[in-house]
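Residue 157 in the working numbering sits at position 157 of the sequence shown, with consecutive numbering throughout.
To keep things clear, I will list the structure first and then write my remarks on it.
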Amino acid sequence: MRFFTLPPCEVFWPYILVNANNPSHGMKYLRRWGRGVETVILDSGVEIFRNPEVKDYPLGHIKHMLITYHQIRQLCPNSEVYLTCPDYPDDYNPGSLWLSEEVTNIERTAENIRMCVSKYPDVNWLIPLQGHYRKPRSVLKMINLIADILDEWDYVALANLCVERSWKVVRDTYNLARLMLPRHRIHVFGLDLDYAKRLRPYSFDSLAYTFPRGRGRASCKNKDERIAYFHAFIKRLNSG
């Protein structure tokens, strides 16, 4: 099971997550460690949709992501580098990104995926699977909409569980995707560590090591604490 994150710059880790909206910290890390890194995921920056007034990515977002993607490939010549197709979440503000009952966040995500893989076929895309808020079976709709693309791209990411705390919702969504895509590698964005240890996906990501007492609570305050908290998180990851 591969764990993607952005560690303290002083600590080497082989699986790195870079944020498309704020790549400077990730790029600083890769300038130091890039030649030894095994895999990098450049995410699409969906956190902008935490603001319910934001309905779409900014103009030129994909172009900006492509520039960052190629910069990462130069810094990491020995690495697999994946670029996440921009998707539309439903879990931050349910229904906020639906254009209609027929064009929901799922259809919008599918349209973006088709555009990305057709216009930029040489990019190593990570295909996001979206869903409706707390409706595990909605991931089946997403999979069916892009079934032909999934025949060609074998790395997919469940992108509708980033803030989900219900074990049942997480488990059911993952199991449905696993059932439908038995030969695909499945990444889960923002997965809770304890849930990751129970599901054992191919890969997951989290930045929660900076909040050892839970999200939104006491965070590390300085470099030494960041390093100590990161090592403590990895110890938890490797235990049990």
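Ideal Cβ placement from N, Cα and C applies to all residues, glycine included.
How big is the Cα-Cα spacing for residue i and residue j?
i      : j      : result
Met65  : Pro23  : 10 Å
Met115 : Glu225 : 43 Å
Tyr155 : Asp56  : 25 Å
Tyr229 : Ile41  : 22 Å
Arg32  : Phe4   : 17 Å
Glu102 : Ser79  : 40 Å
Arg2   : Pro14  : 9 Å
Asp91  : Gln71  : 31 Å
Pro7   : His187 : 19 Å
Pro77  : Thr210 : 29 Å
Val37  : Ser100 : 42 Å
Phe233 : Leu140 : 33 Å
Gln74  : Val11  : 21 Å
Thr173 : Thr39  : 25 Å
His132 : Leu176 : 14 Å
Arg183 : Asn222 : 42 Å
Gly95  : Thr68  : 30 Å
Pro58  : Tyr29  : 26 Å
Asn51  : Gly60  : 19 Å
Taking C-alpha atoms, which residue in the options lies nearest to residue i?
i      : options                        : result
Met43  : Glu10, Trp125, Cys9            : The sequence as given places Asp at residue 43; Met does not occur at that position. Closest by alpha carbon: Trp125.
Asn160 : Leu191, Gly60, Thr39           : Leu191
Arg185 : Pro201, Lys197, Leu179, Pro94  : Pro201
Cys162 : Pro182, Ala147, Ala208, Asn175 : Ala208
Asp87  : Phe189, Leu179, Val170, Ala177 : Phe189
Glu107 : Asn144, Phe12, Arg73           : Asn144
Arg134 : Ala177, Asn19, Glu164, Val11   : Glu164
Tyr82  : Ile16, Met142, Asn21           : Ile16
Lys63  : Val123, Arg236, Tyr174         : Val123
Cys85  : Leu97, Tyr120, Glu53           : Tyr120
Ile149 : Trp167, Leu181, Lys168, Val169 : Leu181
Val54  : Asn93, Met27, Arg35, Asn19     : Asn93
How is residue i classed by DSSP in three states: helix, strand or coil?
i      : result
Ala159 : coil
Thr203 : Contrary to the premise, residue 203 reads as Ser rather than Thr in this sequence. Ser203: strand per DSSP, three-state reduction.
Thr39  : strand
Leu75  : helix
Leu97  : coil
Ser239 : coil
Arg185 : strand
Tyr174 : helix
Trp13  : coil
Arg114 : helix
Leu247 : One cannot answer for residue 247 here, as it falls past the ends of the chain, which runs 1 to 240.
Glu53  : coil
Glu80  : strand
His231 : helix
Val46  : helix
With a 10 Å radius around its C-beta and 16 neighbouring C-beta atoms as the bar for buried, classify residue i as buried or exposed.
i      : result
Asn112 : buried
Val46  : buried
Asn105 : buried
Ser203 : buried
Ser118 : exposed
His25  : exposed
Ala147 : exposed
Ile127 : buried
Leu158 : buried
Leu179 : exposed
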